[in-house]
Structure formats: structure tokens, C-alpha cells
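Down below is the structure, laid out as C-alpha cells.
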Amino acid sequence: MPELPEVEAIRRQLTVSILDRTVERVRVHRRDVVRDTHGRRRGRLTDPQLGVDRRIRRVDRRGKQLIIEFDHGQGLVIRLGMSGRIEVGDAGRRRSVPPHRHLAWTIAGGSSRSTLRMEFIDPRRFGGIHLFKSPEDRDQRVLRNLGPEATLIDGKALGERLKASRRAIKAVLLDQQVLAGIGNIYADESLFRAGIRPERPAFDLNEQDLERLAASIRTTLEHAIDAGGTTLRDHRLPDGSAGTFGAGHLAYGRSGQPCTHCRKSMNSGIVAGRSTTWCEFCQR
DNA sequence: CTTGCGTCCTGCTCGC
DNA sequence: TGCGAGCAGGACGCAA
Numbered sequence: 000m001p002e003l004p005e006v007e008a009i010r011r012q013l014t015v016s017i018l019d020r021t022v023e024r025v026r027v028h029r030r031d032v033v034r035d036t037h038g039r040r041r042g043r044l045t046d047p048q049l050g051v052d053r054r055i056r057r058v059d060r061r062g063k064q065l066i067i068e069f070d071h072g073q074g075l076v077i078r079l080g081m082s083g084r085i086e087v088g089d090a091g092r093r094r095s096v097p098p099h100r101h102l103a104w105t106i107a108g109g110s111s112r113s114t115l116r117m118e119f120i121d122p123r124r125f126g127g128i129h130l131f132k133s134p135e136d137r138d139q140r141v142l143r144n145l146g147p148e149a150t151l152i153d154g155k156a157l158g159e160r161l162k163a164s165r166r167a168i169k170a171v172l173l174d175q176q177v178l179a180g181i182g183n184i185y186a187d188e189s190l191f192r193a194g195i196r197p198e199r200p201a202f203d204l205n206e207q208d209l210e211r212l213a214a215s216i217r218t219t220l221e222h223a224i225d226a227g228g229t230t231l232r233d234h235r236l237p238d239g240s241a242g243t244f245g246a247g248h249l250a251y252g253r254s255g256q257p258c259t260h261c262r263k264s265m266n267s268g269i270v271a272g273r274s275t276t277w278c279e280f281c282q283r
């Protein structure tokens, strides 16, 4: 589930807990979730690559990927896939090991703070961790094909990205090369809020449509970030709390329920190969 | 260039 | 109550 808002909410919490702290050790419980700098799943993994004895100097995000950079320039690009999450807690506190925990970092607390444990957990394993050896390596290799951040898009830039595409607008919004960060939930939410049908060909949108769509993408994502994202099932913030934006959904998951605008029943079907919910009357 | 499909996985929900 | 089918936030690769 993690789309941009979920990952950004995770990033903000992580910044508070782990930024500027030093990694003491790492345990790899499932090495095939990690891709080394050659993109291989079974290459050698070394402590320095995973940040041991290094200070965490940046916690960033690009689209749906979380980025942790250490003070020697190496770092991790974490993709959460469908079911991935990052958990951070007090290392001293004993508790049962969560199932599907693939990596665990122990992070020093410094003079007056407690030692932390940060874990990567991903039951379905659609997610994974890509190692990079420098910020340039990260941008050129791991994050190469990502479009501009969805939070920053405006109507003009969106129009340029769509060009004369005949693809359904929803398919285009889901394409990370066009726009980075939108997934199935926020595609439906943004299109509903902009009053645009998901199956409409991208080239059919005029300037005004594009402005409305770009604006609804930005505001929908902002509100979702502030709510900690949407927790349908798996998404959790690092401290274990859930995102509450689900209560604010106007489209996603509301099939058969009344449209919040015209009160008629919301439609659903498959668009761009994904389950899609929209209002037949309010979206044109 | 497109779309449409299957694939990678686990686990939850629904209908019989 | 039990069991299997279907479906899920994502992203690839392949065939047509």
C-alpha cells in the first residue's frame, strides 16, 4: 500500500528517531531482499554497505522509495512494495520478533538517549532494499527512471509529461516514469476530486483539466501525508501507529456507496488493470 | 508505443 | 467450522 504519503509520513518519523545517530550493527535474516550495487540478490553484503559504524546523515524520499544515506556516502533505497514497513523501537525492550522481519539495525542512542532497533518487515516480499555506493550511483542507477515528484506537479508540467498519450489518464498517473509517487488509492482520489473519469485518454485533457488534476494531486497527497497515510491493513508508521487518511477517502474503497457530491452510487471496475472506483456523474 | 497478462509472495475475507 | 478461490497498497518482463 505504501504510496507517496505513506512513505513520506514514515520518513518524517524516521528523521526524528534515527537522523544523526550511528549504526552499531546489522542483522540480515533474509539476504535475498537486498540487492547489492550490481543489482544482484546474492552478492556479498558487507557491514559498511549496510551502514555499520556509520552515522545516518540523511533520511530522504523519492516517489515511493525511502532513502537512508550514511556519512560515507553509501546508503539504502528501500522499496516497501505492497506490504513492507519500517519499525523503530527501543532495543532494550524485549518483545516477540515480528514475522517476516528481514533486516534489523541496532542504532546507538548517544549520551542520554536509548539504543534503538530499526527493522525492515515485508510479508509479501514485493519490496526490497537496493544498496548504493554514492549519491550519484543512487540517482543514475537505482532511481533512474522516476518522473518528477507528484507533490510538486503543476498543470503545465503535467501536460508536458502526458504529451499526446492515448493511454487512460489513470494508467498515466500510475506510471512512475511520468510522475513519481501515485499508486492506486491516490490515483482514484485525485481523479475524483478533479472530476475526471479514470478511463479518459490523457490527450483529451485540456489546460483547465490539467490544472485541476495537478491541484487535486497536490492537495490530496498533502492531506494524506498529514494524516500519516492510509492504513488498509499493513501500513504502519515506524512507531506502530496507523495512518488515518482512510476516513478521508472519497473514492477508493467506496464502490456502491453514495458519491459524497451527488449521492448516486459509486461505480467500480477495472481500469489500467487495477480496480478502480469513480462516480459516473461527477467525473467527466 | 500500447495493452494485457502472468509473476513474484503472504494472508485475509468471502461464499459455499 | 472448514476450505478453497479470489483479491490486495507495486512493479517487472514478456507477448501480441
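Numbering follows numbering that gives the first Met the number 0, in which position 60 of the first sequence is assigned residue number 59; successive positions increment by one, without gaps. Even glycine gets a Cβ: it sits at the ideal position worked out from N, Cα and C. On a predicted model such as this, the values are computed, not experimentally measured, just so you know.
query = Is it buried or exposed for S240, if we count other Cβ within 10 angstroms and need 16 for buried?
reply = Classification of S240: exposed, given that the 10 Å Cβ count is below 16.
message = By the three-class DSSP mapping on this structure, what secondary structure does A90 have?
response = Coil, per DSSP.
inquiry  = Please state the DSSP three-state secondary structure of N144.
reply    = Coil.
inquiry  = Quick check on the burial criterion: 16 or more other C-beta atoms within 10 angstroms. Buried or exposed for F285?
reply    = Examination of residue 285 is not possible in this model, given that the chain is present from 0 through 283 alone.
ask   = Smallest Cα separation from V87: which of W104, L173, R123, E2?
value = Taking only the C-alpha atoms, the option nearest V87 is W104.
task = Please classify H101: is it buried, with 16 or more other beta-carbons within 10 angstroms of its beta-carbon, or exposed?
result = Counting other Cβ atoms within 10 Å of its Cβ, H101 reaches 16 or more and is therefore classed as buried.
task = Since I believe L13 is in contact with P237 (beta carbons under 8 Å), could you give me their beta-carbon distance rounded to a whole number of angstroms?
result = Distance from P237 to L13 at the Cβ level is roughly 6 Å; contact confirmed, criterion being Cβ atoms closer than 8 Å.
ask   = Counting pairs of beta carbons, one from the segment 172 to 185 and one from the segment 271 to 278, are three or more of them closer than 8 Å?
value = At 8 Å Cβ cutoff, the stretches touch.
message = Quick check on the burial criterion: 16 or more other C-beta atoms within 10 angstroms. Buried or exposed for R192?
response = Buried is the call here.
Rounded C-alpha distance that separates D89 from H28 = Roughly 19 Å between the two C-alpha positions.
request  = Would you check if the distance between the CB atom of I55 and the CB atom of L18 is smaller than 7 Å?
outcome  = In this structure, the beta-carbon distance from I55 to L18 falls below 7 Å.
task = Could you pull out every residue in the same chain whose Cβ sits closer than 6 Å to the Cβ of L79, ignoring the five residues on either side in sequence?
result = Taken in chain order, the residues that qualify are P1, G126.
ask   = Of the residues R10, T150, T229, which one's Cα is nearest the Cα of G247?
value = Residue T229 is the option with its Cα nearest to G247.
Bridge partner(s) assigned by DSSP for A103 = Residue pairing by DSSP places A103 opposite R26, E118 in a beta bridge.
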